[in-house]
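In numbering that gives the first Met the number 0, the protein residues as written are 0 to 614.
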Amino acid sequence: MCGIFGIITNQDINIGSIALEAIRKLEYRGYDSCGMVSIENTDLQILKDSGKIDEIHEKLHFDTLNGSIALAHTRWATHGPPTKDNSHPHTDCTGEIAVVHNGIIENFIELKKELISKGHSFKSETDTEIVPHLIEEKLKEGYDFKEAVVEALKKCEGAYALSVCYAKEPNSIIVARKESPLIVGMEEGKTSYCASDIPALLQYTRNCFILEDNEMAILKAGEIEFFDIENSLKKITKQPKHINWDIDAAEKNGYEHFMLKEIFEEPDALRKTLKTSDEEIELFARKLIKADHIYITAAGTSFYASLAGKYIITRFLGKYIQEIECSEFQNKLTGALEKNTVIIAISQSGETVDTIEAIRWAKEVQKDITILAITNIIGSSITRYSDHSIITRAGPEIGVAATKTYVTQVLSLALIALKIAGLRKKLAPVELDKYYDALKSIPEIIEIFLKNNLESIKEIVQNLEKNANYFFLARGISIATAKEGGLKLKEVACRFIEGYSAAHAKHGPISLVREGFPIIFIAPPDKSYERLVGNVMEFKARGGHIISLVVDNDETISEMSDITIRIPQPSTKYYQYFSPITFIPALQLLAYYAALDHNLDPDKPLNLAKTVTVH
Ligand code: G6P
């Protein structure tokens with residue numbers, strides 16, 4: 000939900016080009032408009048418009064911005080449609096203060112009325128625009144720049160990561176954070192940067208300072224000072240976090256799209272995640288073994304990873320795990336959160352506001368609770384509000400639709416499940432080893448699949464009816480795969496899909512099936528297989544066009560299918576819980592090629608953003 004970037008330097012570099020490169024890297028956070036401001040000869044120079052970054056750059060030439068200070072923004076519209084006026088940066092009445100913002104100022108209507116009554120005039124419909132006007136007001140009252148920002152923020156309710164510059168003080172950028180992510184970094188003595196996310200800074204520094212809620216930083220060229228807003232602006236010392244991601248990982252590296260590149264990175268991401276420290280996995284496992292009540296919560300793709308993971312863990316834990324979408328967590332559990340509860344919260348970004356709110360609320364209402372987080376982002380909000388975290392090793396994921404983070408999330412949950420099986424002696428050591436061997440062989444299975452199936456999946460997509468709706472059906476653990484595979488097609492190819500239980504589809508969805516209706520069955524050789532055969536027949540009998548995902552040596556369902564996609568996976572029981580990982584790349588590719596077939600950009604699905612920081 001919007002990406003912000005700021006740079007201040009004493010070097011002879013083109014800040015416009017650097018800021019442009021940075022917001023390109025943040026474009027996955029929002030891509031309906033963008034803008035920049037620099038200060039030249041104590042005047043703000045603003046370039047902004049609605050549209051994609053490259054289109055706007057072609058028109059406005061961001062690289063013409065010179066000077067030593069710039070702020071930049073890429074927007075995902077919340078308050079007001081994507082128009083030039085609603086694009087950031089926003090300024091005050093004097094045109095001397097500029098602000099870029101990620102988050103929502105919830106009380107902006109009331110503040111706007113107050114400011115209008117004091118004679119301020121507004122150009123946009125955004126909540127953000129009240130911030131420069133509030134700062135202007137505070138400067139008029141005699142506060143200095145830093146104090147004016149703090150005084151303005153005291154009036155704002157809601158979430159913000161914001162970056163402010165002031166034409167009369169061109170030697171500093173002020174940034175502040177509450178609930179929306181913000182990091183800063185520097186090349187000592189030369190240049191300082193702020194950004195919403197790591198990929199924008201990776202090129203310049205591996206040591207990032209992650210701002211906490213209610214912290215402020217003043218950036219000067221190659222120098223950063225931190226302050227605690229709530230503690231009379233007391234100066235604080237912060238330690239940087241070292242980021243060991245490859246710079247290349249945040250580049251397309253010859254792939255047409257990040258989505259395709261990130262699918263191809265899955266084997267590597269899985270290999271790295273397999274190396275998660277045993278102590279971390281065991282800690283999670285022991286907490287779950289001791290818990291009386293367990294919930295698992297997340298949004299979007301992470302929620303489907305939860306569905307797969309809860310299924311695997313339950314098998315060995317012998318306790319029920321209730322999954323609850325994060326946005327409904329509080330509604331469903333008000334008055335019902337008991338002692339000795341463990342909540343597993345999953346979020347690739349670690350910033351999804353509903354997930355964060357769910358765990359913060361849970362901690363507030365029940366002290367005897369443990370929050371275990373699984374996220375891909377070190378230092379993200381979720382890690383701060385949790386008791387323990389596992390960081391998946393997917394590396395930066397830029398494509399808006401989650402792909403490699405999903406497989407690493409399911410893998411982390413599978414590792415916890417196997418650890419529980421060992422601790423609870425639910426499997427003989429020899430058996431357990433075979434499950435581990437199966438898990439370790441998954442990267443190779445995916446590699447082989449990707450190597451041999453691109454053309455066939457492209458062809459399947461080309462032969463599908465362009466405007467079709469789809470069912471994605473499965474039983475047991477594969478319902479998670481059906482839902483996640485369907486979600487990918489919905490997200491990037493804008494197809495209407497229903498991901499459903501194959502058994503339950505008889506109670507309603509089947510009434511839609513006509514001759515040629517495409518139904519994708521996820522059919523690994525597990526305990527559900529035989530009953531799934533019956534379900535395939537039911538849909539085939541009504542004219543359904545059956546596309547099945549099966550393992551290499553499958554005979555039954557593949558015979559009944561119009562199209563078969565084969566996953567090179569042994570059909571032994573040791574793989575039965577891991578098909579959510581091995582089967583999903585096929586569906587991710589299907590969605591990817593379907594997006595291309597519809598002339599859609601799979602990296603930037605319509606109306607979606609990668610990090611959802613609004614309720
Ligand atoms: C958005 C993204 C999805 C993601 C979901 C949850 O909807 O577009 O790809 O699965 O948020 O995000 P999280 O960061 O919490 O996993």
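For each residue, glycine too, the CB sits at the ideal point set by N, CA and C.
Taken in chain order, the complete beta strand (DSSP E) segments of 3 or more residues contained in the region 525–578 are 544–550, 562–566.
Look at Val409: its beta carbon is at least 7 Å from all of the heavy atoms in the ligand G6P. In the DSSP assignment, Ser49 is bridged to Ser32.
Ranked by Cα distance from Pro523, the first of Lys145, Glu529, Val550, Ala504 is Val550. As computed with DSSP, Asn206 is found in a beta bridge with His241.
Under DSSP, Ile38 forms a beta bridge with Leu43. Not a single heavy atom of the ligand G6P lies less than 7 Å from the C-beta of Thr63.
Counting C-beta atoms within 10 angstroms of its own C-beta, Phe315 has 16 or more neighbours from the protein chains shown and is therefore classed as buried. The beta-bridge partner set that DSSP reports for Arg23 is empty. If you look at Leu161, you'll find it in the beta strand (DSSP E) that goes 157–165.
For Phe4, the closest C-alpha among the options Ile197, Thr296, Glu39 is that of Ile197. Nearest C-alpha to Arg541 among Ile519, Met559, Tyr27, Glu514: Glu514. Scanning the region 228–290 from its first residue to its last, the whole beta strand (DSSP E) runs of 3-plus residues come out as 233–235. Exclusion of the five residues before and after Ile246 leaves Leu201, Gln202 as the residues of its chain whose Cβ lies within less than 7 Å of its Cβ. Annotation note: the region 405–470 contains no uninterrupted beta strand (DSSP E) run of length 3 or greater. Phe121 and Glu113 do not touch by the CB rule: their CB atoms are close to 12 Å apart, not below 8 Å. Nearest to Pro395 by alpha-carbon distance, out of Glu140, Thr8, Asn243, Ile562, is Asn243.
A contact is defined here as three or more CB-CB pairs under 8 Å, and the region 452–461 fails this definition with respect to the region 473–482. The count of Cβ pairs closer than 8 Å, one atom from the region 42–59 and one from the region 24–31, reaches three, so the stretches are in contact.
The Cβ-Cβ distance between Glu350 and Ser379 falls below 8 Å. A heavy atom of the ligand G6P is found nearer than 7 Å to the CB of Leu607.
Below 8 Å, enough C-beta pairs join the region 579–593 and the region 253–262 to call them touching: three or more.
Closer than 7 Å to some heavy atom of the ligand G6P: that describes the Cβ of Gly299.
Secondary structure note for Ile355: its alpha helix (DSSP H) is the uninterrupted segment 352–364.
Relative to the ligand G6P, the beta carbon of Ala357 is positioned no closer than 7 Å to any heavy atom.
Membership of Arg383 in any beta strand (DSSP E) is not indicated; the residue belongs instead to the alpha helix (DSSP H) covering 380–383.
Looking at Cys164, Ile96, Ile370, Ala158, the one whose alpha-carbon comes closest to that of His132 is Ile96. Going by beta carbons, Leu472 and Phe520 fall inside the 8 Å limit. Secondary structure at Ile519: strand, using DSSP grouped into helix, strand and coil. In the three-state reduction of the DSSP assignment, His503 falls in the helix class. If you check the CB distance, Ile6 and Ile22 do not come in under 8 Å.
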